[in-house]
Structure formats: C-alpha cells, structure tokens
Amino acid sequence: NCGQLRIEDDYYTVLAYLDDLKDQAILDIGCGDGNYCRLFKAKGAKKVMGVDVSPHMIKFAEEIEIANPLGCEYKVVDAETEQKAVGQFDIAVTAFVLVYADTAQRLSKFCNFIYKNLKPGGTSINLIRNCFSTKFWGNSLEKYGRKFTMLDKTEDGGFGCTVHLPLTDNEEFTVTNYVLRPSTYEKCFLDAGFSTFQFKPCQTEMNKKSEEYWKEVNENPHQIVIIATK
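Each residue of the sequence shown is one higher than the last, beginning at -5 in my numbering.
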C-alpha cells in the first residue's frame, strides 16, 4: 500500500527533523491533497499553508478542509516560476518537489522560491532522492511499494529515473524524478541566500516495524533530506 509506505518513511522523516510546531507558521510546497498540511496542524502548528501547481490537487485539499476544518489554507502556485512570496514562514517543507528539477537552473528557481517565503532564521526541510547512493535501487525496494528504472544522465552528471508506484495489482503510477549531484544541491541553496546547508539521513520508524523489515531501505536508502537555514 503506497499510502501506508508514505506514512511510514516520508512523513516520519519530516517530523523527525521538526521541533515543537506550536506557534510555528509552515509552508508546504507541492502539497498535493494536503496530507502534510493536516499533519502539521494536528501537531500544533499555528499557521499552515499548502501550495501546489495542480488546481485539481488544491481543489481536492480544499474539499477535505471543508469536510473537516483544521484551518489549513491552500493556493495554486507554481514554485518554479512564481516570483513573489506567498507569505513569511518559520518552516518550508518540500517532499519530492526538487526531484522535478533536471538542471541546476531549474533547481535554483525552486530554491529562490523557498528562500523568499522564509522568515530570517527560518528552516527549509526537503526530501529528495538519495544523491549519494552508489547502487541504483532498481527492484531492491519493491516490497516497500517502489521500483525504479534508470534513465539518462543529467547535465551535471546525475541521473533521471522513473519511479513505479503500484495502485492496484494490475495498475501502477509512474513519475520521472531527477537525482542531481550533491554539489549541485548545495550550490543552488547557498546561491539562493541560505546561510547553512546540510544533508541528513532519512529516518525509519523502528518502533512500528522491525529492523529486519527496514533492512533494504537502511542499506541502500532511496531518499535523503536537505536542511537549509535562511
């Protein structure tokens, strides 16, 4: 179940790198249907806004908000092309948004948008594919609901890949992700104005699953975290 997998490793990782959310203003860039937004609000965030390039996903998120009001706000915004900030936030989160940047130029646009929306001293937490991986993931993570097919190299020496996510036994959803070189991510964030930049490992919720269950993920992680401070 892809939804369960996302809860198990993606959500847990983001929360592991967030301190107490009380009185915090959080921006979720590429919010989709608002799952992270609702999670942040449930964890005590004072203000939560989600932006996404897809009007359909924002409409879906707003419908969920109407059905179960939490105080989340949603806007249709293209983070790659938008020049203006949508607000000033303590924390900005991107979960598999930067993976759509296949060049340093495109990545820089995302980084600039993140920077503009943070208060001085604000923090950006970003989930991307693991740019340090020395072994391509292929089918090694299939039991977690993900398969990967290698594509061409990127201009900076990284690579593209197709991510296969099963919807049913006979259907799957595929999306193209790009994995740039570590130095490309660092340069783009620092050039945008961030004062600190670091890579952090993803976290797995060991208390819910055994260490043996997470063996393949821990041996060859498919994702990594970027934390940058304005």
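Note that CB positions come from ideal geometry on N, CA and C, so glycine has one too.
Among the residues of its own chain, which have a CB less than 7 Å from the CB of R0, if the five just before and after it don't count?
-> In the sequence shown, counting from the first residue as 1, residue 0 sits at position 6. Legend: pLDDT at R0 = 49, less than 50; position of this residue unreliable, value from coordinates given subsequently. Answer for R0: no residue qualifies.
Nonlocal neighbours in the same chain, by C-beta distance under 8 Å from V91, ignoring five residues either side | Position 97 of the sequence shown, counted from the first residue, corresponds to residue 91. Around V91: I23, G24, A73, F104 and N120.
What are the boundary residues of the beta strand (DSSP E) that H158 is part of?
-> Along the sequence shown, read from residue 1 onward, the residue named residue 158 stands at position 164. Unbroken beta strand (DSSP E) run through H158: F153 to P160.
Going by alpha carbons, who is nearest to W208 out of G81, F142 and K137?
-> Walking along the sequence shown from the start, residue 208 turns up at place 214. Answer by Cα proximity: K137.
Could you tell me how far apart the beta carbons of G154 and T148 are, in whole angstroms, since I believe they sit closer than 8 Å?
-> Looking up residue 154 in the sequence shown gives position 160. Looking up residue 148 in the sequence shown gives position 154. Yes, they are in contact, since the Cβ atoms of G154 and T148 sit about 6 Å apart, within 8 Å.
Closest by CA to D46, which one among H216, T75, Y109 and D14?
-> By 1-based counting over the sequence shown, the position of residue 46 is 52. Of H216, T75, Y109 and D14, the residue nearest in Cα terms is T75.
CB contact flag (S118, A79, <9 Å) | Residue numbering aside, residue 118 sits at position 124 when the sequence shown is read from its first letter. Residue numbering aside, residue 79 sits at position 85 when the sequence shown is read from its first letter. Result no, Cβ atoms of S118 and A79 do not sit closer than 9 Å.
L159 versus S189: straight-line alpha-carbon distance, rounded | As a first step, residue 159 must be located in the sequence shown, where it is residue number 165. As a first step, residue 189 must be located in the sequence shown, where it is residue number 195. Those two C-alpha atoms are separated by around 36 Å.
So which of K53, E59 and F183 has the shortest CA-CA distance to V70?
-> The count along the sequence shown starts at 1 and reaches residue 70 at position 76. Per the Cα distances, K53.
So what does I85 bridge to, in DSSP terms?
-> What you label residue 85 is simply residue 91 of the sequence shown in a count that begins at 1. In the DSSP output, where bridge partners are listed per residue, I85 has I20 and T117.
Determine the extent of the beta strand (DSSP E) in which Q197 is found, giving its start and end residues.
-> As a working mapping, residue 197 is identified with position 203 in the sequence shown. No beta strand (DSSP E) contains Q197, which DSSP labels as neither H nor E.
Residue environment, Q18, which counts as buried when at least 16 other CB atoms sit within 10 Å | The residue given as residue 18 occupies position 24 in the sequence shown. By the 10 Å Cβ count, Q18 comes out buried.
Is it buried or exposed for K16, if we count other Cβ within 10 angstroms and need 16 for buried?
-> Position 22 of the sequence shown, counted from the start, is the residue given in the question as residue 16. Its Cβ having fewer than 16 others within 10 Å, K16 is exposed.
Between the CA atoms of G65 and A36 - distance to the nearest angstrom | As a first step, residue 36 is located in the sequence shown; it is residue number 42 there, counting from the start. As a first step, residue 65 is located in the sequence shown; it is residue number 71 there, counting from the start. Cα to Cα, A36 sits roughly 10 Å from G65.
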